[in-house]
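Peer 1: Position one of the first sequence corresponds to residue 22 (our numbering), numbered consecutively onward.
Don't be surprised by glycine CBs; every beta carbon is placed ideally from N, CA and C.
Please read these numbers as outputs of a predicted model, since none were measured by experiment.
The structure follows.
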Amino acid sequence: MLDAGFFTRHPVDCARDLIGMELVRGRCAGRIVETEAYAAVGDEAAHTHFRPSAREFVTRHRAGAAYVYFNYGMYWLAHVLVKGETDGFVLLRALEPVRGVPAMQKRRNREDIRHLCSGPGKLTIALAIDGSHHGASFVSARRHPFHFRVPESPVDPAAIVADERIGISRAKGLPWRFSLRGNACVSVRPRPSA
DNA sequence: AAGAAGATCAAT
DNA sequence: TTGATCTTCTTG
């Protein structure tokens with residue numbers, strides 16, 4: 022499994038390198054096909070820019086901690102805390118289901134594999150991740166609710182696309198969203214250019 | 001005490 | 001394109 026060292030680099034590097042890794046949650050697992058990077062300082066789109074509680078989270082937790090946020094009154098979004106020369110977060114935006122598909126279908130109340138984890142709010146439902154996991158670790162060896170696994174066959178770096186982050190109103194234009202080219206489980210098809 | 005904004009999703 | 005739904009933070 023990935024250890025804390027993976028998350029002590031720049032958030033953008035962490036976000037890019039997570040593409041292709043597997044997120045394992047109990048008997049379920051999915052291949053990460055979409056992420057976004059946020060920087061704790063100097064990024065107006067990051068929670069740390071306008072939420073004191075997010076800044077406190079960064080100071081109180083270690084690299085690899087789960088930052089789980091309740092969005093739009095309806096959905097939990099899961100991020101990994103990055104702490105190094107540049108602190109920040111990686112938002113987990115989409116997975117390609119790999120294992121435990123029936124359980125995901127039941128939690129999502131959907132059949133189509135492509136719709137189970139194709140968005141940050143969907144994947145937390147499919148994997149039963151919620152506010153009770155806020156502060157839990159993705160990288161602790163014992164008693165972890167979830168972790169990252171290096172895949173048997175790594176993705177071709179040339180298949181990773183960088184483009185603009187989704188759903189934000191500030192700091193648009195940075196190519197800090199990463200996705201796997203042509204993958205059916207990516208939430209929003211990347212825009213040309215960028 | 002009240003209001004606004006927000007890293008979404010599914011149905012129309 | 002719109003409605004659902006609620007936490008955090010700011011303002012009065």
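(1) On a CA-only basis, which of 80, 106, 184 is nearest residue 55? Give me that one, please.
(2) What are the boundary residues of the alpha helix (DSSP H) that residue 70 is part of?
(3) Per the contact definition of three or more C-beta pairs closer than 8 Å, is the segment 126-142 in contact with the segment 163-181?
(4) Check the DSSP bridge columns for residue 65 and list the partner residues they point to.
(5) Please determine, among 116, 98, 103, the residue with the shortest C-alpha to C-alpha distance to residue 80.
(6) List the endpoints of the continuous alpha helix (DSSP H) containing residue 33.
(7) Helix or strand or just coil, what does DSSP make of residue 46?
(8) Would you kindly work out how many angstroms separate the C-alpha atoms of residue 28 and residue 126, rounded to a whole number?
(9) Taking the Cβ atom as the reference point for each residue, do residue 124 and residue 113 lie within a distance shorter than 7 Å?
(10) Please classify residue 116: does DSSP put it in a helix, a strand, or coil?
(11) Between residue 111 and residue 36, how many whole angstroms is the CB-CB distance? I'm expecting something under 8 Å.
(12) Three-state secondary structure (DSSP) at residue 86?
(13) Would residue 171 be called buried (16 or more neighbouring beta carbons within 10 Å of its own) or exposed?
(14) Please confirm if the segment 40-59 is in contact with the segment 198-215, defined as three or more CB-CB distances below 8 Å between the two stretches.
(15) Are the CB atoms of residue 119 and residue 50 within a distance shorter than 7 Å?
(16) Can you tell which of 145, 143, 64 has the C-alpha that lies nearest to the C-alpha of residue 219?
(17) Which same chain residues, not among the five before or five after residue 155, have their C-beta less than 6 Å away from its C-beta?
Peer 2: Considering the structure as presented:
(1) The shortest CA-to-CA distance from residue 55 to any of 80, 106, 184 is the one to 184.
(2) 68-71
(3) no
(4) DSSP output for residue 65 lists no bridge partner at all.
(5) The residue with the shortest Cα to Cα distance from residue 80 is 103.
(6) 32-39
(7) strand
(8) 31 Å
(9) no
(10) Three-state DSSP puts residue 116 in a strand.
(11) 5 Å
(12) Residue state, collapsed to three classes: strand.
(13) exposed
(14) yes
(15) yes
(16) With the chain covering 22 to 215 only, the question about residue 219 has no answer from this structure.
(17) If we look at residue 155 and ignore the five residues flanking it on each side, its Cβ neighbours are 89.
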